[in-house]
Amino acid sequence: MSWTDERVESLKKLWAEGLSASQIAAQLGGVSRNAVIGKVHRLKLSSRGRTNAAPARPKKPAPAAAPAPSAAAPAARHKPRPAAAAAPSRPMMTTVGATALKVQFEEEEAVFHHYRAVPSNVVPIARNLKLVELSERTCKWPNGDPLSDDFSFCGADSGESGPYCGFHSKLAYQPAAERRRVR
DNA sequence: CCCTGATTCGC
DNA sequence: GCGAATCAGG
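First residue of the first sequence? That's 18 in the numbering used here, and the numbers climb one at a time after it.
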């Protein structure tokens, strides 16, 4: 992908809207956040309006002495960055920004509801224990309204470590993993 | 560890 | 000009 006038235009717009470089990169597609940042700098768009008290970072890396790894790989200038993976067909690329944020929020909502909805339907080896009946090895997945009288915990064997049984630990941790994968 | 932008420098 | 690698920081 190259920086066509159109793409540069979108970049300017999104950057002005306050989106992060990675978010912009996702919106444009086909570029990394580094590419976006690099372009932003070349366009001299840095400041972004806000009060930039100039954080100041005059540090220089200084390549340091070469390790001289004897029979090391020569070039090694390869990049394991396909980068163009994302970009899953968007209806309109013209109206983004706030819209993008909204979409992201709705996705989070969906995950949250999934997280909360499933456990009430499926029952592992639950014993529906009260809070005081829990031990180190009992699953602490909550069932019902905490303010209700019949509020209980799964109570199934959770094994040596972890607050949840095998079933609920998946429910508890999988959504987060999926969310991460989507990014 | 996740993320952010900033900088350098080989291409 | 481009952007990966790296840096500094939240």
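From the three backbone atoms N, C-alpha and C, an ideal C-beta is built for every residue, glycine too.
In this text, all values refer to a predicted model and were calculated from it rather than measured experimentally.
In the structure shown, serine 27 adopts helical secondary structure according to DSSP, grouped into three states. By the 16-neighbour rule on beta-carbons within 10 angstroms, threonine 21 is exposed. Here DSSP, grouped into helix, strand and coil, assigns serine 169 to strand.
Remark: C-beta atoms of glycine 172 and leucine 146 approach each other more closely than 8 Å.
A residue is called buried once 16 or more other Cβ atoms fall within 10 Å of its Cβ, and leucine 60, having fewer, is exposed. When Gly161, Gln40 and Glu34 are compared, the shortest CA-CA separation from leucine 62 is found for Glu34. By DSSP's assignment, asparagine 160 forms a beta bridge with Ser169.
For valine 57, the enclosing alpha helix (DSSP H) starts and ends at 50-59. DSSP, read as helix, strand or coil, puts leucine 146 in strand.
Between isoleucine 54 and alanine 43, the gap from beta carbon to beta carbon reaches 8 Å or more. Proximity to tryptophan 158 across Val48, Leu28 and Tyr181 peaks at Tyr181, based on C-alpha coordinates.
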